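Trainee:
Shown next, in the form of structure tokens:
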């Protein structure tokens, strides 16, 4: 069917003509002041979009593969974790992320009877050890391309305030690991930026500056060609269409960064729901929040989508919470058919417009960060922390005044809801650590202060 002639009987209407019609209906009210609103990032959102405002072609790099369902497993005991992994795979999970708590964890036991040719494995290590990486490489053999070593010495510094050992030692070990010939080594953990309150432009700019710090390091050592893939972990928030656009903008910015180094590295995006909007009270609402966040991740082009159990902020891992979280993703894939079309957001003038605005604003902020010395220097000076803190305080004020609503917490609260006896652990952010090399970026939920007040009154 020739779609170009389908509507030839109808004359085209330009954006200027539509605007003129709308202004007439407003009867003197300002189009800009009445119908155009601005997001926290300064993004202008119009009441309608037209192809002559954005152009017919999308600038967003396309995905050629479908998204995968991921499952996170915290590994304290290799035997138990292996059983969990097999169970999750049999229940519909496609990729696995192991949080390895100790160098004592036996890899051969952990990965027993897991088909590494079909299942991608992400290793998250709270320690830095080239010997442990060697053990994994030796075990997985030819399946190494499906293994991702999510190593990020800079993410560890940003989150904890300290290096694993020291800057020199950490980068030396990182260099040794890259020299082992593994291409899927580097990760930028951008999730803490969102969880700490950074707006989307800041998240994108800081993430790219973070990645650039690594690329610059390996470019200086003339070993950049050894890195084939960089993984960026992104936390997805509640602003549905903007979060779709955020991931698409990230791919645009990644291509811009690559052009500067004349490389063709792959960007591998993994996502998880934000912690920022999760609540202790009326916690079942968290299921609704994570569902829309997962949808944004899928439609935005994430490679692997991880979910969060609805009770993760106050309950230890449990079968029911884990099962519901996995089923949410299975519903999106199996019943909603969100795996049938690649890049389903293509052609949406609204999403493309937001994407381009986010990318442009983030690129400008990235350039400012680089002028100030780059990611590491800005972190050491406390400039990135201040940037995030300012945005966090603005968002917190909106929550405190009910301008930003979390259903069941600051509005429509169930007064009979009691939580004091249901807490497996402290669900609130710890105070900033003392004696750190840099001020850590602290992840903090919007509802924490209000929840603490409610808990006292129970």
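Numbering (the numbering used here), first residue to last: 6 to 463. Beta carbons are placed, not taken as given, at the ideal position from N, Cα and C, and that holds for glycine. Remember, it's a predicted structure, so these values are computed and weren't measured experimentally.
(1) Could you check what DSSP says for residue 320 in three-state terms: helix, strand or coil?
(2) Looking at residue 206 and residue 366, is the spacing between their C-beta atoms short of 7 Å?
(3) For a minimum of 4 consecutive residues, which ranges assigned as the alpha helix (DSSP H) are wholly contained in the region 287-313?
(4) If you scan the region 171-226 from start to end, which runs of the beta strand (DSSP E) of 3 or more residues do you find wholly inside it?
(5) When the Cβ atoms of the region 388-408 are set against those of the region 71-86, are three or more pairs found closer than 8 Å?
(6) Taking just the CA atoms, how far does residue 310 sit from residue 335?
(7) To the nearest angstrom, how far is the alpha carbon of residue 341 from that of residue 118?
(8) Only counting the same chain, and skipping five residues up and downstream in sequence, which positions put a Cβ closer than 6 Å to that of residue 61?
(9) DSSP on residue 393, reduced to helix/strand/coil?
(10) For residue 18, count the other beta carbons within 10 Å of its own beta carbon; 16 or more makes it buried, fewer makes it exposed. Which is it?
(11) In terms of alpha-carbon separation, which member of 294, 280, 230 and 283 lies closest to residue 245?
(12) Determine the direct distance from the alpha carbon of residue 15 to that of residue 199, and round the result to whole angstroms.
(13) Rounded to whole angstroms, what's the CA-CA distance from residue 315 to residue 448? Just pull it up for me.
(14) Whose C-alpha, out of 362, 403, 132 and 142, is nearest the C-alpha of residue 121?
(15) Kindly provide the ranges of any alpha helix (DSSP H) runs that are 4 or more residues long and lie completely inside the region 38-124, ordered along the chain.
(16) Determine whether the beta carbon atoms of residue 424 and residue 285 lie at a separation below 7 Å.
(17) For the structure I just gave you, are there three or more beta carbon pairs, one from the region 164-182 and one from the region 132-146, closer than 8 Å?
(18) Could you compute how far the alpha carbon of residue 189 sits from the alpha carbon of residue 70?
(19) DSSP three-state label for residue 27, please.
(20) Do residue 95 and residue 73 count as a contact pair if the criterion is CB distance below 7 Å?
(21) Go through the region 253-282 residue by residue and report every complete run of the beta strand (DSSP E) that reaches 3 residues or more, in order.
(22) Residue 143 by DSSP, collapsed to three states: which one?
(23) Check whether the Cβ atoms of residue 194 and residue 160 sit closer than 7 Å, and answer yes or no.
(24) Between 24, 42 and 58, which has its C-alpha nearest residue 354's C-alpha?
(25) Tell me whether residue 235 sits in a helix, a strand or coil according to DSSP, three-state version.
(26) For residue 349, which residues in the same chain have their Cβ closer than 6 Å to its Cβ, ignoring the five residues on either side in sequence?
(27) Could you tell me which uninterrupted beta strand (DSSP E) segments, each at least 3 residues in length, are contained entirely in the region 396-459, listed from first to last along the chain?
(28) Can you check which of these residues, 163, 169, 153 and 230, is closest to residue 192 by C-alpha distance?
(29) In chain order, what residues of the same chain have a beta carbon less than 8 Å from the beta carbon of residue 229, not counting five sequence neighbours either side?
(30) In three-state terms, what does DSSP make of residue 158?
(31) Terminal residues of the continuous alpha helix (DSSP H) containing residue 15?
(32) When the Cα atoms are used, what is the spatial distance from residue 102 to residue 124?
(33) Give the straight-line distance between the Cα atoms of residue 148 and residue 212, rounded to the nearest whole angstrom.
(34) Between which two residues does the alpha helix (DSSP H) holding residue 471 run?
(35) Is the separation between the beta-carbon of residue 329 and that of residue 250 shorter than 7 Å?
(36) Can you have a look at residue 34 and say buried or exposed, based on whether 16 or more other CB atoms are within 10 angstroms of its CB?
Mentor: In brief:
(1) Within the chain shown, residue 320 is the residue found at index 315, counting from 1. Note: residue 320 maps to coil in three-state DSSP.
(2) Position 361 of the chain shown, counting from 1, holds the residue named residue 366. Position 201 of the chain shown, counting from 1, holds the residue named residue 206. Pairing residue 366 with residue 206 gives a Cβ-Cβ distance under 7 Å.
(3) Within the region 287-313, the complete alpha helix (DSSP H) runs of at least 4 residues fall at 290-305.
(4) Taking only runs of at least 3 residues, the beta strand (DSSP E) segments lying wholly in the region 171-226 are 191-194.
(5) Short answer: they don't touch.
(6) Taking the chain shown and counting its residues from 1, one reaches residue 335 at position 330. Taking the chain shown and counting its residues from 1, one reaches residue 310 at position 305. Going by C-alpha positions, residue 335 is about 11 Å away from residue 310.
(7) For this step, residue 341 is matched to residue 336 along the chain shown. For this step, residue 118 is matched to residue 113 along the chain shown. A direct Cα-to-Cα measurement between residue 341 and residue 118 gives close to 31 Å.
(8) On the chain shown, residue 61 is found 56 positions in, with the first residue counted as 1. Reliability of the predicted coordinates at residue 61 is poor, the pLDDT of 48 falling under 50, and the value obtained from them is presented with this limitation in mind. Contacts found: none.
(9) Numbered from 1 along the chain shown, position 388 holds the residue referred to as residue 393. Helix at residue 393.
(10) Within the chain shown, the letter at position 13 stands for residue 18. Under a 10 Å Cβ-count criterion, residue 18 is classified as exposed, with fewer than 16 other Cβ atoms of the shown protein chains found around its own Cβ.
(11) To locate residue 245, count along the chain shown from 1; it is residue 240. If you compare the alpha carbons of 294, 280, 230 and 283 with that of residue 245, the shortest gap goes to 294.
(12) For the purposes of this step, residue 199 is taken as residue 194 along the chain shown, with counting starting at 1. For the purposes of this step, residue 15 is taken as residue 10 along the chain shown, with counting starting at 1. Approximately 45 Å between the Cα atoms of the pair.
(13) Along the chain shown, read from residue 1 onward, the residue named residue 315 stands at position 310. Along the chain shown, read from residue 1 onward, the residue named residue 448 stands at position 443. Spanning the two alpha carbons is a distance of roughly 18 Å.
(14) Against the chain shown, residue 121 aligns to sequence position 116. Here the closest residue by C-alpha is 142.
(15) If only complete runs of 4 or more residues are kept, the region 38-124 shows the alpha helix (DSSP H) at 56-59, 83-95 and 112-115, in order along the chain.
(16) Residue numbering aside, residue 424 sits at position 419 when the chain shown is read from its first letter. Residue numbering aside, residue 285 sits at position 280 when the chain shown is read from its first letter. Yes, these two residues count as a Cβ contact at 7 Å.
(17) The region 164-182 and the region 132-146 touch, with no fewer than 3 CB-CB distances between them shorter than 8 Å.
(18) The residue labelled residue 189 in the question sits at position 184 within the chain shown. The residue labelled residue 70 in the question sits at position 65 within the chain shown. Separation of residue 189 and residue 70 (C-alpha to C-alpha, rounded to the nearest whole angstrom) is 18 Å.
(19) To locate residue 27, count along the chain shown from 1; it is residue 22. Note: residue 27 maps to helix in three-state DSSP.
(20) Looking up residue 73 in the chain shown gives position 68. Looking up residue 95 in the chain shown gives position 90. No. Outside cutoff.
(21) With a minimum length of 3 residues, the continuous beta strand (DSSP E) runs that stay inside the region 253-282 are 271-278.
(22) Looking up residue 143 in the chain shown gives position 138. Looking at residue 143 - three-state DSSP - the assignment turns out to be helix.
(23) Taking the first residue of the chain shown as 1, we reach residue 194 at position 189. Taking the first residue of the chain shown as 1, we reach residue 160 at position 155. Contact: yes.
(24) On the chain shown, position 349 is the one that residue 354 refers to. The shortest CA-to-CA distance from residue 354 to any of 24, 42 and 58 is the one to 58.
(25) The count along the chain shown starts at 1 and reaches residue 235 at position 230. In this structure, residue 235 counts as strand in the three-state DSSP scheme.
(26) In the chain shown, the residue the question calls residue 349 occupies position 344. In chain order, 304 place their CB closer than 6 Å to the CB of residue 349, counting only its own chain and leaving out the 5 sequence neighbours on each side.
(27) Assignment of beta strand (DSSP E) within the region 396-459, counting only whole runs of 3 or more residues, yields no such run.
(28) Within the chain shown, numbered from 1, the residue matching residue 192 stands at position 187. Of the candidates 163, 169, 153 and 230, the one whose C-alpha sits nearest the C-alpha of residue 192 is 153.
(29) Taking the chain shown and counting its residues from 1, the one referred to as residue 229 is at position 224. So the list reads 220, 223, 266 and 268, once near-sequence residues are dropped.
(30) Translated into the one-based positions of the chain shown, residue 158 becomes position 153. Residue 158: helix per DSSP, three-state reduction.
(31) Taking the chain shown and counting its residues from 1, one reaches residue 15 at position 10. From DSSP, residue 15 is part of no alpha helix (DSSP H); its letter is neither H nor E.
(32) As a first step, residue 102 must be located in the chain shown, where it is residue number 97. As a first step, residue 124 must be located in the chain shown, where it is residue number 119. Those two C-alpha atoms are separated by around 10 Å.
(33) In the chain shown, the residue the question calls residue 148 occupies position 143. In the chain shown, the residue the question calls residue 212 occupies position 207. Spanning the two alpha carbons is a distance of roughly 29 Å.
(34) The structure shown does not extend to residue 471, since the chain is modelled only from 6 through 463, so no value can be given for it.
(35) Translated into the one-based positions of the chain shown, residue 329 becomes position 324. Translated into the one-based positions of the chain shown, residue 250 becomes position 245. No, the pair does not count as a contact, with Cβ atoms beyond the cut-off.
(36) Along the chain shown, one-based indexing puts residue 34 at 29. That one is exposed.
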